[in-house]
Structure formats: structure tokens, C-alpha cells
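Colleague: Take this structure, written in C-alpha cells, and hold onto it; I'll ask about it next.
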Amino acid sequence: MKTAEPCYYHLDVEVCPERVGQVERILAAHLRLWDLEHLVGPVCHGTEVLLRAIDEHATDKRAVIEMWWNGQHLITAIAEHDRDLRPDRELRGCLAWIAALSDGWGCCATDTGAKIIWFSRRARSCEGVPLVSTGPAPTLREVRQVPRVVPSFAGATGRARDSLVNV
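According to our numbering, the sequence shown is numbered sequentially starting from 273.
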């Protein structure tokens, strides 16, 4: 089993019915490469649902698909560029599927008018890959000498003032 390293994948796609199957195979290949075979089904199905909704309802068929793996969560985001497409109307059924297939999901708009729909899947403890461990970083400290002289203060006797204290 490989250790988990952060992974990222970006794909620009012109959405059409023929492309949906190609995109699924590409994403599945990347998930297998990252040792995330168990996430192929939900990620590819969620992506398929979104791409088919974009193909059916959007006038601008461009989409961007991104996947991030951080060792514990896989986040898949699909951005579409159609200003007229409303997730609360045309994509309502699609978002219900996404909510059912994922551990978390959301939708947000960008400054350019694009909408991003994302969903995440957790790696379960039995399915997870151990994170890459990092060695402790050395730290710098000021070392005090032992024994040290206690600073003198007014009112102290000469004998107590000059005594040594072990810290």
C-alpha cells in the first residue's frame, strides 16, 4: 500500500453525450493511480449526473473538472460557465443525487459568472491510506547553564545573594 500524498487533477472538457463516458474513464484511471479504487463508483456517477445536466440545460457547454486528494478526503468540483443556468431550478434533481452520493457538497458562484458544484468523499478508516509521516523538525532553544548565579536584589544578605542554585 502506498502512502497518501496530496494529489490534484484538472480537466477542461466540452460537454456532449459522447464525452461523458470518456471523462468517467479518465477520472477512474486517476483514482486508481492514486489507490482510490473504492471511490471510482461514487465520483464517476456524481460527475456523470452533473455533466449530463449541464449538457441538457446549459447553452455554454464548457466545463472544468478538478479533483483534490489530501489523504483523507477527495473533493471533486465541476465548474460550468453558463450565466443563465440556475442550480436551484434546472439542477435541483442533480443536486439531490449529489447529496445522496457524497459526504459533503456545495455550490458557489465565481466573479466571472461561473458556478462551481463540488462534492467530497471521505476515506473510511478501513479504506484509508496512511498519511506520509514527517519527521520532527529541530527547534532552537536558548540553553541555560546549570548551575547559574541567582541575581542579587536589594535587601538580600551577601551570603544568599552569591549562592548557586541548580535549575
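Think of the CB as a built atom: it goes at the ideal place given N, C-alpha and C, for glycine as much as any other residue.
These figures come from a predicted structure and were not determined experimentally.
Report all residues from its chain with a CB closer than 7 Å to the CB of GLU320; omit the five preceding and five following residues, and keep chain order.
Modeller: Closer than 7 Å at the Cβ level, and outside the excluded window around GLU320, lie VAL292, GLU296.
Colleague: Does DSSP classify TRP306 as helix, strand or coil?
Modeller: Coil, per DSSP.
Colleague: What does a CB cutoff of less than 6 Å around LYS333 pick up in its chain, not counting 5 residues either side in sequence?
Modeller: Excluding residues within five positions, the ones whose Cβ falls inside 6 Å are GLU286, VAL287.
Colleague: Please classify THR384: is it buried, with 16 or more other beta-carbons within 10 angstroms of its beta-carbon, or exposed?
Modeller: Counting Cβ neighbours within 10 Å, THR384 comes out exposed, since fewer than 16 surround it.
Colleague: Could you compute how far the alpha carbon of HIS310 sits from the alpha carbon of ASP284?
Modeller: Using only the alpha carbons, I get a separation of about 24 Å.
Colleague: Can you list, in chain order, the residues of its chain whose CB lies under 6 Å from that of VAL336, leaving out five sequence neighbours each side?
Modeller: Counting only Cβ-Cβ distances below 6 Å, and skipping sequence neighbours, we find ASP284, ALA351.
Colleague: Does the region 302-318 come close enough to the region 337-347 to have 3 or more Cβ pairs within less than 8 Å?
Modeller: Touching, yes, given that three or more Cβ pairs across the two stretches are closer than 8 Å.
Colleague: Could you give the first and the last residue of the continuous beta strand (DSSP E) run that contains ASP271?
Modeller: With the chain represented from 273 up to 439, any question about residue 271 goes unanswered, as that position is not in the structure.
Colleague: With DSSP as the reference, label HIS317 as helix, strand or coil.
Modeller: Helix, per DSSP.
Colleague: May I have the straight-line CA-CA distance separating ALA371 from CYS380, to the nearest angstrom?
Modeller: Using only the alpha carbons, I get a separation of about 15 Å.
Colleague: Going by Cα to Cα distance, which pick from ILE389, GLU277, ARG394, ALA395 is closest to GLU338?
Modeller: It is ILE389 whose Cα lies nearest to the Cα of GLU338.
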